[in-house]
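Just so you know, the protein sequences line up as chains A and B, in that order.
With the numbering used here as the guide, the letters of the first sequence map in order to residues 33 to 829.
With the numbering used here as the guide, the letters of the second sequence map in order to residues 522 to 681.
Heads up, the beta-carbon is just placed ideally off N, CA and C, and yes, glycines get one too.
To start, the structure itself, in structure tokens.
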Amino acid sequence: MTRTPEDRAAFSVLDRPNSYIGKTVPRPNLDRLMQGRGLYVSDIELPRMAHVVFLRSPHAHAKITGIDAAAAKRMPGIIAVVTGQEIAAVITPWVGVLSHLKGLKSAPQSAIAVDRVCWQGEAVAAIIATSRAAAEDAAEHISVAYEELDAVTDMQTALDPTTSVIHPALGDNLAFERNHDAGTVDAVLAASDEVVEAEFIFGRHTGVTLEPRSVVADWNAAEARLTIYQGTQAPHMVQNIAALHLGLQESQVRVVCKDVGGSFGIKVHIYADEMATYALSKLLRRPVKFVADRVESFNTDIHARDHRCKGKIGVKCDGTITAFEIDDLTGIGPYSMYPRTSAIEANQVVNLVGGPYVTKNYRARARVVFQNKNVMCQYRAVGHPIACSVTEGLVDLAAMKIGMDPVEIRRRNLIADDAYPCASPSGLRFEQLSHHAALAKLIKMMDYDALRAEQAMLRARNIHCGIGIASFIEVTNPSAAFYGVGGAKISSQDGVAVRLDAQGAVVCQTSITEQGQGSESLTAQIVGSVLGVSMDRVRVILGDTDNTPYGGGTWASRGAGIGGEAALQATKELRKNILDVAAAILQSSPGDLDIVSNSVVNVSDGAPRIELSELARIVYFRPDTLPPGIQAELMATRHFVPREYPFAFTNGVQASWLEVDTDTGFVKLLKHWVVEDCGTIINPQLVDEQIRGGVVQGLGAALFEKCIYDERGQLTNANLADYLVPMSGEMPDIDVGHVVSPTLESELGAKGAGEAGTAGAAAAVTNAVNDALRPFGTIITEIPLTPQIILTALGRI
Amino acid sequence: MTPVPIFLEVNGERIDAHVLPRLNLADFLREHLKLTGTHVGCEHGVCGACTVRFNGEIVRSCLILAVQAQEGSVETIEGLSDSGEIADLQAAFRDRNALQCGFCTPGMLMAAQDLLKQTPKPDREEIRAHLSGNYCRCTGYQAIIDAIETTARLRAERAP
């Protein structure tokens, strides 16, 4: 069901004259980035700044029996060489568990390995020098003696009794297991006309932020204060963790986040080398800079996915889906990441499978195992691509089995648009979704019937094109249910302070962060609209724990929905305060006044009464002229967190149209469509670009991206030439449409849109490839869909 | 290793410096001249973030040594911005939101301007092909292609 803003009286605050809500306006911060005048962490230089380079383990699993750094220490420019044992004096180890993920276990992880390395790429020593080049030179002169240990690499055998246990104190290699059983799965499967099974395989891949992870840590011993410049999505989380492990108060740590060169979830975690950099600054009492190189990025940025998921679906001849069942296995490297843990993705898979559909019969098992590979954790659309590919792959297989069109089987099983509120078989609560409206819109946008006709015509010419459809749900606006309830100091609320300055311009400080999504723009749009000022008068400050309210930051598609609502509420309060003062100045009543186009005006006839600059002048410089008892408050602060629903679910559907070359195995993407429902749309262009960017990351996983490990745990393609990412020549144009079901939990009504694209893209492509290959009687359920995979399936190699 | 003297022109300004022979041009621009608009994404010549113009041709500054730029002319994003040469292209990028994090953008603008100088009216496939050496992880490329296509059209309309 589509609800329009007019349906809601509360929406009036956004429906004001000259509102920027729902309008495409350019982001205010783009010129800086386009002219090369941004400030990324890698650009930052401080007086006396030293550079750290980490010597990293060449082995997946080994004992460190000795480190000889004497020669390195004599090299020119070397300030220090620090080992794990030495750095342990200033920073404590951590364990990446959360109490609400019952049974999740992990081992203590150190900033730099002590005695043992657990993956190829784990830091063994830090070399600090006057330049990065000098440190790299010296790294080659450090001699580390290793005694290689058995490497646990295959997640399928990680739990076998004959496999060695990576952390003996934990007893086994099982980090986490979750089981879920809803409804009567066995009974309905037995009564189904068809039961289809498949195993879905997802490659390990990573985020490849174009700017590698970078940190400048600056311990000022005289102030006893650490300033951390870091491209992070969650500055207050970094503040908390750095303070906790360095033995400081949070007030002794300031985190500053300027421009961020891509994050996608990669930069929402705390990495060992970043912790080491904070500690080194404290140890050496000077600024220390760490910038990962690309090889390090591949070996240490979190990887994601890497699931093997067995799935089963029951269906009746009339298309009714009777049950879903999954058994998911994923390998997360040697440690659960900190502080968000590496169990969240498998947990999400259990939560999300079958989510768009009516059936209440659902059984799931997910197991998360340790391996001697790089750490794995949350990346854009955590768990969603797995759940969506399994669900939508099974739905297509069921449709194929009973000879039903893939659109028709979805029509018959998607939750009705008027059935809300309701819950999923895994217990997720849905406030209002719009699967059917979205599907109908998609079918129209892509002209489904015409495309089917074109497919048939091409097929006659031996050209094999396919259409793939994938419905999905997306978790957005997470409440404390995500991390807070598990004991993590990761805020789910956000705050905004907004004030009128002495010239009638607006300064807005928000706890959400900007990594290119448009957080700054959407905040300015909301503030400008609610207050009645033009956007060029609104300056947004973010990414600085000293200068913003406390909050979560930008991740899990939460910036617009949570930070945006805080901005709306703070601005409403400021508007009220301004009108109170204006009424006193104008001898009017606040209810008779409004603010439009930077001036206080009469509600009755719209006549301008006083410009905001004049009002500010009086308040700040001539308060003596105000009536007695009037104390103006031209600053307001509000915070917001969703309370009613743990998550604001969104939904959508994607379609892929592609051609498979059955001789070469190459897939040519011809077109991609997305319809999604993120509630109130603040800036249509920014939402569409989030969707498109997300889709392309999903397409990368579908066709190209994979971290290829050998059986000894060596990452064999840790560079940008061998690890393939989507390039401009291979990507299709992507059409985006919307259905709008605002959440009633906030006045703004916005849900998130950052991950919807990634959630369903791979599923749509895989279904399209299988549709294209239908005459060949082969089904592929493994991504990336490389030429090798496709030709193997076709029996050509 | 001993620094060697070099001189070259950067954004129209004569530069004299002493550099180690192993120093690449990207690091020279960023660390010696503080021209941090040239970004370093992979340091092995794949991602295109470090693209600059050298003697009129676009090159990856991570694959050229500073000493190889001796007596040459280097133009960076700062130079192209200040001269106004790509003001219309930048405006089109802004209007179309053809950048998100902005890290690839200086290199992307360099490559786009290079294409538009060689091929005044490229079609979308030509634009996509020309940008194949410039990675963008945020946008999915479509907005970038749109912005370049728009710029080409507007330039053609303005041309006598």
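Residue from the options whose Cα sits closest to the Cα of residue i
| i | options | result |
| --- | --- | --- |
| asparagine 205/A | Arg64/A, Tyr367/A and Val113/A | Tyr367/A |
| arginine 444/A | Cys454/A, Glu777/A and Ala430/A | Ala430/A |
| alanine 793/A | Lys134/A, Gln686/A and Glu691/A | Gln686/A |
| histidine 468/A | Ser773/A, Val287/A and His83/A | Ser773/A |
| histidine 718/A | Val595/B, Ala632/B and Ala619/B | The sequence given here has leucine at residue 718/A, not histidine. When only C-alpha atoms are compared, the closest one is Ala619/B. |
| arginine 148/A | Tyr261/A, Lys95/A, Cys289/A and Ala795/A | Lys95/A |
| isoleucine 160/A | Leu202/A, Ala112/A and Gly595/A | Ala112/A |
| alanine 139/A | Arg806/A, Phe402/A and Pro678/A | Phe402/A |
| valine 422/A | Thr775/A, Ala207/A, Gly435/A and Phe356/A | Phe356/A |
| lysine 433/A | Val517/A, Glu486/A, Lys348/A and Arg399/A | Lys348/A |
| glycine 263/A | Leu278/A, Gly235/A, Arg257/A and Gly293/A | Gly293/A |
Residues near residue i by beta carbon distance below 7 Å, same chain, minus five either side
| i | result |
| --- | --- |
| arginine 326/A | Pro244, Asn751 and Leu752 |
| histidine 173/A | Ala103, Ala104 and Met107 |
| lysine 183/A | The residue asked about is misnamed: residue 183/A is alanine in this sequence, not lysine. Within the same chain, alanine 183/A has close Cβ partners Ala92, His93, Asn404, Arg744 and Gly745. |
6 Å Cβ shell around residue i - same chain, five flanking residues per side excluded
| i | result |
| --- | --- |
| glycine 564/A | Ile627 and Val628 |
| cysteine 516/B | Absent from the model: residue 516/B. The displayed extent of chain B is 522 to 681, so no value can be given. |
| proline 193/A | none |
| isoleucine 110/A | Ala161 and Ala170 |
| glutamate 229/A | Lys344 |
| glycine 536/A | Leu644, Ser645 and Ala648 |
Limits of the alpha helix (DSSP H) - the one that residue i falls within
| i | result |
| --- | --- |
| glutamate 118/A | 116-119 |
| lysine 105/A | 102-105 |
| histidine 651/B | 645-651 |
| methionine 436/A | From DSSP, methionine 436/A is part of no alpha helix (DSSP H); its letter is neither H nor E. |
| phenylalanine 624/B | Where phenylalanine 624/B is concerned, there is no enclosing alpha helix (DSSP H), given that its DSSP letter is neither H nor E. |
Span of the beta strand (DSSP E) around residue i
| i | result |
| --- | --- |
| arginine 210/A | 206-214 |
| serine 456/A | Taken as a continuous stretch (DSSP letters only), serine 456/A belongs to no beta strand (DSSP E), as it is neither H nor E. |
| alanine 167/A | Not the beta strand (DSSP E): alanine 167/A falls in the alpha helix (DSSP H), residues 164-171. |
| threonine 672/B | Taken as a continuous stretch (DSSP letters only), threonine 672/B belongs to no beta strand (DSSP E), being part of the alpha helix (DSSP H) at 663-679. |
| cysteine 497/A | 496-508 |
| asparagine 252/A | 246-252 |
| aspartate 338/A | Segment: none, aspartate 338/A is in no beta strand (DSSP E) and carries neither H nor E. |
| leucine 221/A | Per DSSP, leucine 221/A belongs to no beta strand (DSSP E); it is in the alpha helix (DSSP H), 217-222. |
Length of the line joining the Cα atoms of residue i and residue j
| i | j | result |
| --- | --- | --- |
| threonine 36/A | proline 641/B | Its pLDDT being 45, under 50, threonine 36/A is placed unreliably in this model, and the coordinates cannot settle the point. |
| leucine 546/B | valine 525/B | 14 Å |
| threonine 57/A | arginine 372/A | A quick correction: the sequence has valine, not threonine, at residue 57/A. Those two C-alpha atoms are separated by around 35 Å. |
| serine 524/A | alanine 304/A | 24 Å |
| valine 390/A | serine 456/A | 8 Å |
| histidine 301/A | serine 631/A | 44 Å |
| valine 427/A | phenylalanine 549/B | 56 Å |
| threonine 162/A | alanine 668/A | 46 Å |
| isoleucine 642/A | leucine 600/A | 23 Å |
| methionine 763/A | leucine 701/A | 7 Å |
| alanine 785/A | leucine 630/B | 27 Å |
| methionine 33/A | isoleucine 579/B | Residue placement at methionine 33/A is flagged as unreliable, the pLDDT there being 40, under the threshold of 50; a coordinate-derived value is accordingly withheld. |
| alanine 612/B | isoleucine 815/A | 39 Å |
| isoleucine 666/B | valine 538/A | 35 Å |
| leucine 78/A | alanine 170/A | 23 Å |
| alanine 551/B | alanine 588/A | It is worth fixing the name first, because residue 551/B is arginine in this sequence and not alanine. Distance between the alpha carbons of arginine 551/B and alanine 588/A: 34 Å. |
| glycine 415/A | alanine 502/A | 15 Å |
| alanine 42/A | serine 283/A | Only weak support is given to the placement of alanine 42/A: the predicted model assigns it a pLDDT of 43, under 50, and the value that follows is read from those uncertain coordinates. Each residue's Cα considered, the two are about 38 Å apart. |
| isoleucine 662/A | glycine 596/A | 30 Å |
| leucine 556/B | valine 771/A | 45 Å |
| aspartate 695/A | isoleucine 499/A | 20 Å |
Residue i: contacting residues in chain E (beta-carbon distance under 8 Å)
| i | result |
| --- | --- |
| arginine 724/A | Among the protein chains in the structure shown, which are A and B, there is no chain E. |
Other residues of its chain near residue i: CB distance less than 8 Å, five sequence neighbours each side excluded
| i | result |
| --- | --- |
| proline 627/B | Gly558, Thr559, His560, Ala570, Thr572, Thr597 and Ile598 |
| arginine 543/B | Met522 and Leu586 |
Below 8 Å, can you find three or more Cβ-Cβ pairs linking the segment 736-750 of chain A to the segment 467-483 of chain A?
no
Taking 8 Å as the threshold, find out whether the segment 726-734 of chain A comes into contact with the segment 655-669 of chain B through three or more Cβ pairs.
yes
Using 8 Å as the threshold, is the segment 569-581 of chain A in touch with the segment 609-617 of chain A, meaning 3 or more CB pairs across them?
no
Given 8 Å, three or more beta-carbon pairs between the segment 584-595 of chain B and the segment 637-651 of chain B
no
Is the segment 449-463 of chain A touching the segment 650-662 of chain A in the sense that three or more CB pairs, one from each, lie closer than 8 Å?
no
I'd like to know if the segment 174-189 of chain A and the segment 119-136 of chain A are in contact, where contact means that at least 3 CB-CB pairs between them fall below 8 Å.
no
Are three or more beta carbon pairs between the segment 794-807 of chain A and the segment 671-680 of chain A nearer than 8 Å?
no
Three or more C-beta pairs closer than 8 Å, one from the segment 393-400 of chain A and one from the segment 212-232 of chain A: is that the case here?
yes
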